[in-house]
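Undergrad: I have a structure here, written as structure tokens, and I will follow up with some questions on it.
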Amino acid sequence: MNRFTLRMLFRSIRSGLGRYLAILAIVALGVGFFAGLKSAQPSMLSAAENYFASSHMQDFQLLSTLGFTEDDVDAFRSLETVSSAEGAYFADAAAGVGGSVEAWHFMSLTQEVSLPQLTAGRMPEKADECLADEKVFRESDIGSTIMISEENDGETLDLFAFRTYTITGLARSPRYMSGDRGSTSILSGSLKGFIYLRPEGFVSEAFHEILLWCDLPGSLYSSEYSHAADAAEKPMRDLLSVRGRLRRSSLLHDAEEMLAEAQDEIDSGWDEFREGEQKAEEELAAAREELDAAEKEIYKGWTRVESSRKELEDGMAAIPGAREKIASGREELESNRAQLEESEEEVKLFRAMYEEAVSMLDEEEARLSELLQEADLTRYAALRQYYEAVAEHQAEVIVLKGMIDSAGEDADISALQTRLEAAQEALAQAQAELAAAESSYVPDDSAVVTAEDVIAGLHERASELEAQLADAEAQLADGRAQLAEAEKQLDEAEAALDKAERDYPSNLAQIEYAENELLQAEKDLAEGRAEYEKAAADTESELAEGRGKLLDAERELAENREEVLSRLSLELYCLDRSKNAGYVSFQNDTGIVNAVSYAFPVFFALIAALVCTTTMTRMIHEERTVIGTMKAMGYGSGAVMSKYLLYSGSSALLGCVLGFFLGTRAIPYIVWVAYSVLYSFSGEAYYYDPLLYAICLAVSVPGILSVTWLTCRNELSSRPAELIRPKPPGNGKRVFLEHIRPLWQSLSFLGKVTLRNAFRYRQRFIMMILGIGGCTALLVAGFGLRDSISDLGALQYGEVSLYDISVSLDPDGFSSDDAAAAIWEADVLSCAMTRQEAVTLIHGNKEMNTHAVAADAETLPQVIDLHDGGGRALPFPKKDEAVITKKLSTRLSLSQGDTAVLRLEDGTELPVTITGVCENYVSHYIYLSRDTLGSPRSNNALLRLPDGADADRLAASLRTVDGISYVSLTSYEREMLEMSISGLDLVIVLIVVSSGALAFITLYNLTNINIIERSREVATVKVLGFTPHETAAYILRENRLLSVLGALLGLVLGKLLHRFVMGLVDVESMTCPVKISLLSYLFSFVITVLFALGANLVMRRKLDRIDMAESLKSVE
Amino acid sequence: MEDGFIVFENVKKVYRAGEVPVTALHDVSFSIGKGEICVIVGESGAGKTTLLNILGGMDSLTEGRIVVGGNEISSYGKKELTAYRRTEVGFVFQFYNLIPNLTALENIEIAAKLSPNALPPAQVLADVGLAERAGNFPAQLSGGEQQRVAIARALAKNPKLLLCDEPTGALDYNTGKAVLKLLQDTSRSTGMTVIIITHNKALCAMADRVVRVQSGTVLSVTLNESAVPVEEIEW
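Quick look at the structure:
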């Protein structure tokens, strides 16, 4: 390289400045876009990091339902990891600024952590001054007042020391990085903005939150930071639970006493009530018994009366029959009487016979007694002496005994005695002599015996007749008696009948009287019953009243208890930065920006190489004679080559430097402008990455140099003689289409020419197709990126999360039932109760924190549509099964049928089988059957409302229900998501502009070379009489053809590029569907074609300027 | 042979390349009859090409008047000039200027498409004796063949005027002669006016009229009553 070649280099540059600039521009564009987009994310992140560091953005926010004391704050401050700890107050309240009342988040100003940044005005100095949200207020609002609305509930109102606060300045808060101001339980449910008060502006005995700044190492969102945060969180949580319990036990102690007293009062009330109730019941029972007895009596009376009446009537009815019977009885009686008289005659006959027999007997007996008197006289005469001796001795004994008895006591009776004894002895002897005489006496009695026999015969006859007579008489008497009896009976019966007939009226009267009596008794009974009922009802109502009063008192107490205990229910939260909406959405957005940066380098590098190739090829062709001459003069290939290497290398170097510095400044700025609408912190930081710079240089300059070397090598290896001679005309070639005769012949002539030309120069063909295709591909990728991301809302909330409201319940609160009731009463289309827990899913050596949703197979599918990528519904998991979202599946390399381990918060590990991978776009979940977690109580309800229902109103009303800790509206989340995505639009514009530039550069460069190379041809056709239009068509039609072909290829490339880019948008909280809408394809195609047409228009002017005289020139 | 088919009257052409105006032609006046073969001969830089450019409707003139077949082409605008080139003039270039990407026949067709009273391209190609080379690309043809295709291309439009710029300049002797013969034969058989621009004075013998150009103006116009066939010319 000597002065001569250097001078030639500068002349080449100057004479073909456009060519030099073309290389420079393409390198600058490529490097600029790449480096610019690549540094956009770090630039945004470092700006955010500076902001967070300078404002001491909290690393942790501690919340307790019972608040914190100053001691608590001190305890946290003394933790090793904590740099600053500060207690703060906050409240969501309805407040008005100039009439309209809206929900605001009031916070106390902090001195150490999460410092607000004053953007206008001054800091508040008095307790009734405040700083207002700079996103909502303007500078002109400074000085106006904010009025706390009286609509707020008393508890909220009590928190404010004043009713009005004067705005002294505007501020931004690191806690509200994005436009998302969060939701609340008051008014419409969404917060309008925040207001900072001085701590004295609040009235509260305890801090509502503790903010901790730990000054942790590691940059924003880095794993270094999250590890440090995780490490710091553990002791923090431990301390939090200790302090929380401490606070609770002191508050609980007071509350318990108060409640116990009230309970005692109610208990005694119940005792009294029960006594009264029992007494009343007893009284009523007695009355009821009496009434029942009376009723029974009446019933009996009625049966009696009824039977009497029946008897009476029956009797009356029987009388005529009876009389007939009596008459026939009398007839029978008369016939009996006649028989009896016949029997009397018979008796008389018997009596006569009997009297005859007796008189005969009497005669015989008298004769016998004469006979016997004669026998007796004979015997006495025979036995007289013996009788007289016995009688004499008996007389002597009787005299003696008389003398003995009449002698006194002292008379001497022995002589008498002796005489008596002798008398008695003589008597006994006499008697014995008599007896002997009697027995020895034998009378003569034959006459007697005959008489006696006759008498005996007569006796027998007489007694026979007597018996017969007696019998007959007895029979007669009997018959007579019977007759008399029968007669008597008939008479009696007749008398009875007569009496009955006579008595009937009086009997009837008696019965009727009894009936009346009974009716009266019945009436009395009814009255008695009515009286009883009334008494019972009275008692009942009295009791009910008493019971009601007691129940009221009990309910009141329960409510009080619930209120007191719910106020005392301890819920502790340790929230890290990932719970901050702005923090998370910023990460997502910057992640997308980063992914976009990958879309560019591929095509720009390609195009830069191609542009360089064609430019250098052209240049060498133009200068072939010069090269030949130089070589002929003795310059070596190296010397010649160095000129071209210097030419392109310097161009690439300049382009790279220029592109890098312009790109890294301009593009982050543009991106920042796009996102500054969403994020409220200023000061984009210039991010200079030497490594990135080195990469750009290392790729672009050597890349261009090697392309140049490859291009020049062939030409320079030719021998000088060849170089000096003009190049032979290019060979004509048939294209493959010509072999399809019918098709080829149907083409117009110009069509054929165009096709031939298009395919003739392979290099140009490829470049054209790739350049244009690259343009289309970038557009497709850009639009597709937008499609994929901007549809997230529609996909997540339209196809997956069908619920409109998510309600978080206090699982252990006393009032969950109230909450459930409120939910059930709400007019919902469907409702699923779920248990949601933070869990860790482990597969192999990978693990990921995620969110478990345990629910029931019947309800969950109605509010969350679990379907796979093909839209097929997935069956709800059974016990120990799980359906996971795509993000979990890809991050943990889990697929259907795998088994993963689920670690719960308490450390329990459960193996679950993955039964499906479902589509999900925002966040990630693992869906379980409730029994997999041991059927815990629900802590969340997902509600799906009917079309047209006012979800905001329902949400606001649910927020006021005890036991509901948080209500989030799907529509609000969707809105926030879509707002964040809208920042993407400017990035898309950036892509459109850059791809336009790419298309233009490619077309311009290639067409330019095409025209220059074919200027002779162009001149010739002009001479032949082609009109300017025909000439343009002749040359540019192939551009159009190639543009269309390139664009078509670009659609395919774009799809691939899009997939590649989407693979890089790997933000944990989002899963973007890889999808491109038809419209995006169409737009990309149309825009590319428009760019191509634009480039053609420019080229056409150039064509018009080609002089026809060119055609006359010699070839080269 | 009537006079005045082509009339040049005091034609002047001044180029304004850069600061200095360069007078390429001045006081050029001559006329050519219909059906004549006219040779315009002169040294390099004499203004032959400028004359051709203007007559071919590729360039405009600064002063003067040119009439072709009764039409004053010097007054034509760009569009009319295009139409004039399209239908009335056939060009034959020194370097043939065939379109490399078209076959011989197609090269003729591309011209024939332009003219309403064009001749059938295949016929014309056969007339120049290249019927069997119809499907060949220019690169597959020899120089003479290429030039014959070029002539055929010019003839296919059935123009009133055939303008030939050094038609033999790039050809060897025999081939050049054959091409010239083709031109002469065509003119004789069809009565077409043929203008050949050359620096080769030997060609003057085959012309009916010879226009000598020198230093931007016409030196002499000679009528050659006894034009000889090309075969008899030697150079």
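Going line by line, the protein sequences match chains A and B. With this note's numbering, the residue at position 955 of the first sequence is 955, and numbering never jumps. Quick note: to get this note's numbering, add 1116 to the position in the second sequence (first position is 1). Note that beta-carbon positions come from the ideal geometry of N, C-alpha and C, so glycine has one too. Please read all numbers here as calculations on a predicted model, not as lab measurements.
(1) Starting from TYR573(A), follow the alpha helix (DSSP H) in both directions and report where the run begins and ends.
(2) How big is the Cα-Cα spacing for LEU1048(A) and LEU750(A)?
(3) Can you pull out the residues from the region 1024–1035 of chain A whose beta carbon lies closer than 7 Å to at least one beta carbon of chain B?
(4) Return yes when the Cβ of VAL203(A) is within less than 9 Å of the Cβ of THR145(A), no when it is not.
(5) Give the secondary structure of PHE1091(A) by DSSP, where H, G and I count as helix, E and B as strand, and everything else as coil.
(6) For the region 746–765 of chain A, enumerate the residues whose C-beta is nearer than 7 Å to any C-beta of chain B, in chain order.
(7) Whether or not the region 679–698 of chain A and the region 655–671 of chain A are in contact is what I'm after, with contact meaning three or more pairs of Cβ atoms, one per stretch, closer than 8 Å; do they touch?
(8) Can you tell me which of the three DSSP states SER219(A) falls into?
(9) Expressed to the nearest angstrom, what Euclidean distance is found between the alpha-carbon atoms of ARG764(A) and MET641(A)?
(10) Nearest-angstrom Cα distance between VAL1295(B) and PHE1207(B)?
(11) Among LYS1164(B), VAL1138(B), SER1190(B) and ILE1122(B), which residue has its Cα nearest to the Cα of LEU1335(B)?
(12) For TYR354(A), which three-state DSSP category applies?
(13) If you pair each beta-carbon of the region 268–283 of chain A with each one of the region 539–552 of chain A, do three or more pairs fall below 8 Å?
(14) Chain B beta carbons: is any one of them nearer than 9 Å to that of LYS1022(A)?
(15) Report the CB separation of LEU170(A) from ALA132(A) in whole angstroms; it is logged as a contact under 8 Å.
(16) Who are the Cβ neighbours of THR1338(B) in its own chain at under 6 Å, not counting the five residues just before and after it?
(17) Which chain B residues sit within Cβ distance under 7 Å of MET1108(A)?
(18) Determine the closest residue to ASN939(A) out of SER929(A), GLY916(A), GLY963(A) and ALA956(A), with distance taken between C-alpha atoms.
(19) Show which residues of chain A have a CB atom less than 7 Å away from the CB atom of ARG1202(B).
(20) In three-state DSSP terms, what is HIS924(A)?
(21) Taking all protein chains shown into account, do 16 or more other C-beta atoms lie within 10 angstroms of the C-beta of ILE740(A), making it buried, or fewer, making it exposed?
(22) Quick check: is the beta carbon of ARG1016(A) nearer than 9 Å to any beta carbon in chain B?
(23) Would you identify the three-state DSSP class for MET1099(A), choosing helix, strand or coil?
(24) Below 9 Å between beta carbons: does that hold for LEU371(A) and ALA423(A)?
(25) Taking C-beta pairs closer than 7 Å, name the residues in chain A that THR1198(B) reaches, listed in chain order.
(26) From what residue to what residue does the beta strand (DSSP E) around CYS918(A) run?
(27) When you check each C-beta in the region 1220–1236 of chain B against every C-beta of chain A, which residues fall closer than 9 Å?
(28) Assuming contact is defined by CB atoms lying nearer than 9 Å, are LEU1085(B) and ILE1311(B) in contact in what I supplied?
(29) Can you list, in chain order, the residues of its chain whose CB lies under 6 Å from that of GLY1120(B), leaving out five sequence neighbours each side?
(30) From this set, LEU1041(A), ARG665(A) and LYS401(A), which residue's C-alpha is nearest THR418(A)'s C-alpha?
(31) On the three-state DSSP scale, how would you describe ASN152(A)?
(32) Rounded to a whole number of angstroms, what is the C-alpha to C-alpha distance between ALA901(A) and LYS886(A)?
(33) Taking the continuous alpha helix (DSSP H) assigned at LEU977(A), which residues delimit it?
(34) Taking the alpha-carbon of LEU1218(B) as reference, which of GLY179(A), GLU344(A), THR754(A) and VAL390(A) has the nearest alpha-carbon?
(35) Between HIS1058(A) and ALA781(A), which are expected to be in contact by the criterion C-beta below 8 Å, what is the C-beta distance as a whole number of angstroms?
(36) To which residues of the same chain is TYR1212(B) closer than 6 Å at the C-beta, ignoring the five residues directly before and after it?
TA: Inspection of the coordinates gives the following:
(1) Stepping through the first sequence from its first residue, residue 573(A) is reached at position 573. First-last for TYR573(A): 572–576, but that is the beta strand (DSSP E), not the alpha helix (DSSP H).
(2) The residue labelled residue 1048(A) in the question sits at position 1048 within the first sequence. The residue labelled residue 750(A) in the question sits at position 750 within the first sequence. Looking at the two C-alpha atoms, the distance is approximately 22 Å.
(3) LEU1024, GLY1025 and THR1027
(4) As a working note, residue 145(A) is residue 145 in the first sequence. As a working note, residue 203(A) is residue 203 in the first sequence. No, Cβ-Cβ distance for THR145(A) and VAL203(A) is not below 9 Å.
(5) For the purposes of this step, residue 1091(A) is taken as the residue at position 1091 of the first sequence. The answer is helix: DSSP assigns PHE1091(A) an H, G or I state.
(6) PHE749, VAL753, ARG756, ASN757 and ARG760
(7) yes
(8) Within the first sequence, the letter at position 219 stands for residue 219(A). Three-state result, SER219(A): coil.
(9) Reading the first sequence from its first residue, position 764 is the one you call residue 764(A). Reading the first sequence from its first residue, position 641 is the one you call residue 641(A). Going by the C-alpha atoms only, they are around 23 Å apart.
(10) Here residue 1295(B) refers to the residue found at position 179 of the second sequence. Here residue 1207(B) refers to the residue found at position 91 of the second sequence. Each residue's alpha carbon lies about 14 Å from the other.
(11) The residue you call residue 1335(B) lines up with position 219 of the second sequence. Answer by Cα proximity: LYS1164(B).
(12) Residue mapping note: residue 354(A) aligns to position 354 of the first sequence, counting from 1. In this structure, TYR354(A) counts as helix in the three-state DSSP scheme.
(13) yes
(14) The sequence position of residue 1022(A) within the first sequence is 1022, counting from 1. LYS1022(A) counts as touching chain B.
(15) Walking along the first sequence from the start, residue 170(A) turns up at place 170. Walking along the first sequence from the start, residue 132(A) turns up at place 132. Yes, LEU170(A) and ALA132(A) are in contact; Cβ-Cβ is about 6 Å, under 8 Å.
(16) Locating residue 1338(B) in the second sequence gives position 222, where the first residue counts as 1. Counting only Cβ-Cβ distances below 6 Å, and skipping sequence neighbours, we find VAL1326.
(17) Looking up residue 1108(A) in the first sequence gives position 1108. By Cβ distance, chain B contributes MET1174.
(18) Start at 1 with the first residue of the first sequence, and residue 939(A) comes out as number 939. Ranking the options by Cα distance to ASN939(A), first place goes to GLY963(A).
(19) Indexing the second sequence from 1 puts residue 1202(B) at position 86. The contacting residues are GLY1025.
(20) In the first sequence, residue 924(A) corresponds to position 924, counting from 1. Correct three-state label for HIS924(A): coil.
(21) Here residue 740(A) refers to the residue found at position 740 when the first sequence is read from its first residue. Counting Cβ neighbours within 10 Å, ILE740(A) comes out exposed, since fewer than 16 surround it.
(22) Your numbering for residue 1016(A) matches position 1016 in the first sequence. Yes, its Cβ sits closer than 9 Å to a Cβ of chain B.
(23) Looking up residue 1099(A) in the first sequence gives position 1099. Correct three-state label for MET1099(A): helix.
(24) If you number the first sequence from 1, residue 371(A) lands on position 371. If you number the first sequence from 1, residue 423(A) lands on position 423. For LEU371(A) and ALA423(A), no; Cβs fall outside 9 Å.
(25) Sequence index remark: in the second sequence, residue 1198(B) carries index 82 (1-based). Chain A residues near THR1198(B): GLY1025 and THR1027.
(26) Numbered from 1 along the first sequence, position 918 holds the residue referred to as residue 918(A). Note, CYS918(A): beta strand (DSSP E), 909–918.
(27) GLU1222, GLU1225, ILE1226, ALA1227, LYS1229, LEU1230 and SER1231
(28) Only positions 1117 to 1351 of chain B appear in this structure, which leaves residue 1085(B) out of reach.
(29) Taking the first residue of the second sequence as position 1, residue 1120(B) is located at position 4. Cβ within range, chain order: SER1147.
(30) As a position in the first sequence, residue 418(A) is number 418, starting the count at 1. Checked all of LEU1041(A), ARG665(A) and LYS401(A); the closest Cα to THR418(A) is LYS401(A).
(31) Within the first sequence, numbered from 1, the residue matching residue 152(A) stands at position 152. The answer is coil: DSSP assigns ASN152(A) none of H, G, I, E or B.
(32) The count along the first sequence starts at 1 and reaches residue 901(A) at position 901. The count along the first sequence starts at 1 and reaches residue 886(A) at position 886. The amino acid occupying residue 901(A) in the given sequence is Val; Ala does not appear at that position. Near 17 Å, if we compare the C-alpha coordinates of LYS886(A) and VAL901(A).
(33) Here the question's residue 977(A) lines up with position 977 in the first sequence. It spans 970–982 - the alpha helix (DSSP H) in which LEU977(A) sits, taken as one unbroken run.
(34) The sequence position of residue 1218(B) within the second sequence is 102, counting from 1. Here the closest residue by C-alpha is THR754(A).
(35) As a position in the first sequence, residue 1058(A) is number 1058, starting the count at 1. As a position in the first sequence, residue 781(A) is number 781, starting the count at 1. Right, the Cβ-Cβ distance comes to about 4 Å (below 8 Å), so this counts as a contact.
(36) One-based indexing of the second sequence puts residue 1212(B) at position 96. The answer, listed in chain order, is GLN1262, GLN1263 and ALA1266.
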